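Undergrad: First the structure, which I've put down as structure tokens, then a few questions once you've had a look.
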Amino acid sequence: MSTDNPYQAGSSSGTPMPVMGGPDPQRVAVRSFELLGRGRNLLGDQYWLMVGICLVSLLIGSAVPFGLILGAMVVGIYLCFKQIEQFGKTEFGTAFKGFDFFVDSMLVMLISTALSFAVILPLYLLMGLSTALALALSENNPEISMLILVIMVPLMVCLFAVAIGMVYMPIIFAFQLIADHHLKAIDAVKLSWHGSRKNLFGILKHLFVLSFLSMLAAMLCYLPVFLFIPISFASMFVLYRDIFGPGGFQAPPLTTPVTAGYAASPAGYQPPPPPPQQTPPPTNSI
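If you're matching positions, the sequence shown starts at 5 in the numbering used here and goes up one per residue.
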């Protein structure tokens with residue numbers, strides 16, 4: 005394990021920090037099932053509590069159109085993971101501490117919505133035009149119409165997969181960065197895109213694994229999906245830690261003291277080093 009300070013700019017590469025005050029994302033090996041195992045170890049005996057926190061947070065966040073409060077609830081979920089990482093336990097009320105970052109989390113969701121309209125809407129238009137063309141040709145040339153459908157259907161599936169990646173990848177770590185480094189929305193999106201671009205294929209592979217496992221869980225009367233959600237979130241939190249390193253701020257304090265029965269971190273999970281102290285920059289004296 006490297007002992008270098010992840011918050012110091014490298015002296016050899018000369019590459020500037022992508023965002024002032026933010027970490028320098030690293031290129032890492034993304035192993036999906038290892039991430040899932042480490043995420044489950046991180047949850048420890050807080051697993052069932054996190055099942056409830058994730059379900060309630062996502063239900064509340066989805067109740068408001070355009071995801072206006074969903075971002076704040078997702079930030080709250082990652083604050084819960086920060087508490088588990090630091091204290092070995094969390095509290096249900098921590099999920100609502102994401103509203104301390106309401107404006108920035110809402111802006112991230114609005115950026116995601118804008119990207120969705122900009123990227124996916126043209127694909128819907130293309131799909132509609134190709135369908136209309138196939139129907140127009142079906143009267144006189146059914147073979148050509150079928151050929152168009154055979155070509156366009158897999159092409160559209162691939163284009164939609166790429167489009168979803170283009171929409172999701174820039175914000176995939178933005179909520180963690182807001183919770184962990186208290187970054188503003190634009191800075192969080194920029195740094196999230198910088199980190200995801202460095203690990204693009206590994207992250208896409210991990211998202212495919214999560215989607216595939218969620219689909220399998222949905223086939224079993226959908227109940228296992230709810231049980232898989234916190235593990236999915238935990239794996240993304242662990243992946244974020246691998247790429248961006250230790251946090252910039254301490255986790256929110258617990259309202260009840262940690263008892264002797266709780267370890268500093270769950271068994272089987274190796275936490276990153278403690279976050280550095282945030283000190284204000286020196287002021288220029290005249």
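C-beta: ideal position from N, C-alpha, C; glycine also. Because the structure is a prediction, the values reported are computed rather than measured.
Measuring alpha carbon to alpha carbon, tell me which of PHE70, LEU139, PRO126 ends up nearest MET113.
TA: Position 109 of the sequence shown, counting from 1, holds the residue named residue 113. For MET113, the nearest C-alpha among the options comes from PHE70.
Undergrad: Please work out which residues of its chain come closer than 6 Å, Cβ to Cβ, to SER236, disregarding the five sequence neighbours upstream and downstream, and give them in chain order.
TA: On the sequence shown, residue 236 is found 232 positions in, with the first residue counted as 1. Excluding positions up to five away in sequence, the list reads LEU214.
Undergrad: What are the uninterrupted segments assigned as alpha helix (DSSP H) that are 4 or more residues long and contained completely in the segment 99-153, given in chain order?
TA: 106-142
Undergrad: According to the neighbour-count rule (16 or more other Cβ atoms, all chains shown, within 10 Å of its Cβ), is TYR82 buried or exposed?
TA: For the purposes of this step, residue 82 is identified with residue 78 of the sequence shown, where counting begins at 1. The residue is buried, with at least 16 neighbouring Cβ atoms inside 10 Å.
Undergrad: Identify the continuous alpha helix (DSSP H) that holds LYS194 and give its terminal residues.
TA: One-based indexing of the sequence shown puts residue 194 at position 190. That run of the alpha helix (DSSP H) goes 189-202.
Undergrad: Among ARG201, PRO256, MET240, which residue has its Cα nearest to the Cα of ASP28?
TA: Along the sequence shown, read from residue 1 onward, the residue named residue 28 stands at position 24. Per the Cα distances, ARG201.
Undergrad: Quick one: complete alpha helix (DSSP H) runs, 4+ long, within the segment 20-64?
TA: 36-47
Undergrad: Let's test the definition: count the other Cβ atoms within 10 Å of the Cβ of GLN254 and tell me whether it reaches 16, buried, or not, exposed.
TA: Here residue 254 is taken as the residue at index 250 of the sequence shown, counted from 1. Using a 10 angstroms sphere on the CB of GLN254, the tally of other CB atoms stays under 16, which defines it as exposed.
Undergrad: Could you please give the first and the last residue of the uninterrupted alpha helix (DSSP H) stretch that includes LYS86?
TA: By 1-based counting over the sequence shown, the position of residue 86 is 82. Start and end: 74-91.
Undergrad: Between ALA165 and LEU119, what straight-line distance do the alpha-carbon atoms span, to the nearest angstrom?
TA: Along the sequence shown, one-based indexing puts residue 165 at 161. Along the sequence shown, one-based indexing puts residue 119 at 115. Taking the straight line joining both Cα atoms gives about 14 Å.
Undergrad: Indicate the three-state DSSP secondary structure (helix, strand or coil) for TYR226 in the structure shown.
TA: Taking the first residue of the sequence shown as position 1, residue 226 is located at position 222. TYR226 falls in the coil class under three-state DSSP.
Undergrad: My assumption, with CB atoms under 8 Å, is that VAL34 sits in contact with ILE207. Please give the rounded CB distance.
TA: Along the sequence shown, read from residue 1 onward, the residue named residue 34 stands at position 30. Along the sequence shown, read from residue 1 onward, the residue named residue 207 stands at position 203. Their Cβ separation, rounded to whole angstroms, is 6 Å, which keeps VAL34 and ILE207 in contact under 8 Å.
Undergrad: Do you know how far the Cα of LYS209 is from the Cα of VAL157?
TA: In the sequence shown, the residue the question calls residue 157 occupies position 153. In the sequence shown, the residue the question calls residue 209 occupies position 205. Roughly 22 Å separates the two Cα atoms.
Undergrad: What does the alpha-carbon distance come out to for the pair SER303 and GLN50?
TA: What is shown of the chain runs 5 to 290, which leaves residue 303 out entirely.
Undergrad: Suppose you measure from the CA of ALA189 to the CA of LEU111; what does that come to, to the nearest Å?
TA: Taking the sequence shown and counting its residues from 1, one reaches residue 189 at position 185. Taking the sequence shown and counting its residues from 1, one reaches residue 111 at position 107. Rounded to whole angstroms, ALA189 to LEU111 spans 6 Å at the Cα level.
Undergrad: Going by beta carbon distance, what residues of the same chain come within less than 6 Å of ALA178, once the five residues before and after it are set aside?
TA: Numbered from 1 along the sequence shown, position 174 holds the residue referred to as residue 178. Closer than 6 Å at the Cβ level, and outside the excluded window around ALA178, lie VAL112, ALA192, VAL193, SER196.
Undergrad: Could you spell out where the alpha helix (DSSP H) holding ALA255 opens and where it closes?
TA: Counted from its first residue, the sequence shown places residue 255 at position 251. Looking at the DSSP string, ALA255 is not in any alpha helix (DSSP H), and its letter there is neither H nor E.
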